[in-house]
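Novice: Residues in the sequence shown are numbered from 17 upward in steps of one, following the working numbering. From the three backbone atoms N, C-alpha and C, an ideal C-beta is built for every residue, glycine too.
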Amino acid sequence: MRRKIRENHMRRSIFMWKKYWFWCAALLSMVLPVWSQENGVIRKLHFIQDDAQDYMISKIYKLQYAQANDLIPFVSGIVMRYNINSVVNSIEYGNNQQLLTVSCPEKLMPYVDDFIAKADRKVEIKGKVPGEIIQGTGITREVYRPLYRSGEDIVSVMIESVIGEGPAGAIYAYDANSNQIYWKDNASNTSYIYQFLSFLDRPAPQVTLEFTIYEVRESTLRDIGIEYLAWKNGPGLNMFQVGFDAFGLSSAGSSALQALSGPFGGFFFAPQFDASFIRMLQQNGKAEITNTASLTVANSNTADYAIYFNPVQQNIIKQNNDQTHVAESTLGTTENVYHSYVKITGPVVNIHYGTPQEPYPASEAFEVDPYTPGALLKYPGTLFFAYDLQSAAVVERNNVGAELVEVTQLNGNILIPLNKETILGRWEKDSFVEQVIGVPWLSEIPILRYLFSTVTTVKEKTHVVVSVNATLLNSAKPEKLAEGRLFKLK
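1) Inspect the beta-carbon positions of A408 and L311 and report whether they are closer than 7 Å.
2) In three-state DSSP terms, what is S345?
3) Looking at D169 and L79, is the spacing between their C-beta atoms short of 7 Å?
4) Which residues bound the beta strand (DSSP E) around A402?
5) Starting from F63, follow the beta strand (DSSP E) in both directions and report where the run begins and ends.
6) In terms of alpha-carbon separation, which member of Y230, Y357, E304 lies closest to P327?
7) If R295 and I332 are in contact, beta carbons under 8 Å, what's the gap, nearest whole angstrom?
8) Here's the rule: buried if 16 or more other CB atoms are within 10 angstroms of the residue's CB, otherwise exposed. What is T306?
9) Are there three or more Cβ pairs, one per stretch, closer than 8 Å when the segment 208-218 is compared with the segment 438-448?
10) Taking the beta strand (DSSP E) that T473 belongs to, which residues open and close that run?
11) Does the segment 156-174 come within contact of the segment 116-129, defined as at least 3 CB pairs closer than 8 Å?
12) Can you tell me which of L124, V104, L488, T308 puts its alpha carbon nearest to the alpha carbon of H115?
13) Determine the direct distance from the alpha carbon of F325 to that of Y525, and round the result to whole angstroms.
14) Can you tell me whether L434 is buried or exposed, with buried defined as 16 or more other CB within 10 angstroms of its CB?
15) For Q329, collect the residues of the same chain with a Cβ closer than 8 Å to its Cβ; drop the 5 residues on either side in sequence, then sort them by chain order.
16) For A486 and Y395, I'd like the C-alpha separation in whole angstroms.
17) Just list the residues that DSSP pairs D169 with in beta bridges.
18) Where does I107 land, buried or exposed, given buried means 16+ other C-beta within 10 angstroms?
19) Going residue by residue through the segment 291-356, where are the continuous alpha helix (DSSP H) segments of at least 4 residues, counting only ones entirely within it?
20) Should the segment 427-441 be called in touch with the segment 460-467, which here means at least 3 C-beta pairs below 8 Å?
21) Which same chain residues end up closer than 6 Å to Q425 when comparing Cβ atoms and leaving out the 5 residues on each side of it in sequence?
22) Who does S106 pair with in a DSSP beta bridge?
23) Given a threshold of 16 other Cβ atoms within 10 Å of its Cβ, counted over all protein chains shown, does F215 qualify as buried or as exposed?
24) Could you name the residues of the same chain whose beta carbon sits closer than 6 Å to that of Y303, not counting the 5 residues immediately before and after it, in chain order?
25) According to the Cβ coordinates, are P89 and Y164 closer than 7 Å?
26) Can you look up I175 in the DSSP assignment and give me helix, strand or coil?
27) Considering Cα atoms alone, identify which of V452, E226, I430, Y403 is closest to N414.
28) If you draw a straight line from the C-alpha of V471 to the C-alpha of I240, how long is it?
29) Tell me R465's beta-bridge partners as DSSP assigns them.
30) Thinking just about the alpha-carbon of each residue, which of I367, Y321, F468 is nearest to the one in L392?
31) Pick from Q299, V482, I100, N112: whose alpha carbon is nearest that of A121?
32) G428 to N315, Cα distance in whole Å?
33) Can you tell me whether L124 is buried or exposed? The criterion is at least 16 other CB atoms within 10 Å of its CB, across all chains shown.
34) Give the C-beta separation of F400 and L431 to the nearest angstrom, bearing in mind that I take them to be a contact with Cβ-Cβ under 8 Å.
35) Report the three-state DSSP secondary structure of S207 (helix, strand or coil).
36) In the DSSP assignment, find the alpha helix (DSSP H) that holds G93 and state where it starts and stops.
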């Protein structure tokens, strides 16, 4: 308490003495000019109060080797510790001019001169190994060439997620022609940037989609009747001639008797005419068909991928004059109609891997693992995509060869797991087709139509299942075959 009272007393005394000398100086300044004017001489007195302030001076340095932005952090650290009013800036005058301005107390300027002389010197780079820096500056200049991705995309990701605005003077850029990334930053950031680049620079995930169509078909074919055209052009021409010869009376009575006692048995048991016009056939069958199509796609939410199988087949066509010729099938020549067609739109794969970050503060030590080709095959994941499947087949042909094509189309969006066969769709189809070819009007009589026409009926039941299996494409280098050792190929 006594010490505080003594300090307050001293402060008051100093204040009173300052006030006393101030008024004395004011009176002298008023009296002396008047007194001196009487003698014809003017005298002026200047009182300068020294309050222990630093006298600031400014200086411009023209650098020969170092860059102004590289030295600003170090010079600022020197002058700001001595006086907070010190200022350090760079002057962007030209491409080949490096100018550094320093404003600091006069007593500190010799130390700044000494530092600039030592820092602004020619320094060689030791090497290009990550972590090695330019001696004496603390700034790294590095180059990285991406192997799988675009340099522009990687720089955008780094700036938005890691770097932000970055430290003063840090520069990150890329060259479009060489796809190289250039940056200038401090050594601690450079080591992390290399680690982050090894994580980002990886090929886009590629997925192999294997589509399988399982088809089970049960059919019954029945063909009954007489083919009218074959009968009309064959045995039908001599049918009535046999009757007239048998009952003709123009020769004599003996001729009729001889005709009646002739070998009629040969007509009933061994006919001498072609009976191929008689149609009587029934066929039952069951078919199990499996079609497989594989398509490899890259991860993209905008790309479209398509694959189709559309061979050109032949068909027998009959013209108006009943002449037949071979032509291309309708299925292979119709636009936008394919035997098998698969289209994938916007496939996006999500791989479930990585080390989860622990809650704060353990998450401060964030680390990323570099990409290793083929290392993602062991992880599960999902695939989202839109699909469009098409299948076409000829189901009927008429008497002149015209084809009836049935087209089945299946489309939608789906999210499926990797490495597991998933059913995309399933449907069943029942069909009954009856075709009558014969004499008009007579072929419509319920029972007699089998004598004047051919009736073909087809009953068919089809079960179709479409499945897909997605697997990641192995991006690792294939292993070399063993040399000097025999092995069996399956």
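Specialist: If we stick to the structure as given:
1) no
2) coil
3) no
4) Segment 397-413, the beta strand (DSSP E) holding A402.
5) Segment: none, F63 is in no beta strand (DSSP E) and carries neither H nor E.
6) Measuring from the Cα of P327, the nearest candidate turns out to be Y357.
7) About 18 Å; that fails the 8 Å criterion.
8) exposed
9) no
10) 469-488
11) no
12) Contrary to the premise, residue 115 reads as Leu rather than His in this sequence. When only C-alpha atoms are compared, the closest one is V104.
13) Because the chain is modelled from 17 through 506, residue 525 falls outside the range shown and cannot be assessed.
14) buried
15) E344, S345, L347, G348
16) 13 Å
17) Bridge partners of D169: none, in fact.
18) exposed
19) 346-349
20) no
21) Q406
22) In the DSSP assignment, S106 forms a beta bridge with L116.
23) That one is exposed.
24) According to the sequence shown, residue 303 is Ala rather than Tyr. R233.
25) no
26) helix
27) With distances taken between Cα atoms, N414 lies closest to V452.
28) 5 Å
29) DSSP lists no partner for R465.
30) I367
31) First, the amino acid is wrong: residue 121 is Pro here, not Ala. Nearest to P121 by alpha-carbon distance, out of Q299, V482, I100, N112, is I100.
32) 18 Å
33) A residue is called buried when at least 16 other Cβ atoms come within 10 angstroms of its Cβ; L124 meets this threshold and is buried.
34) 5 Å
35) helix
36) 84-98
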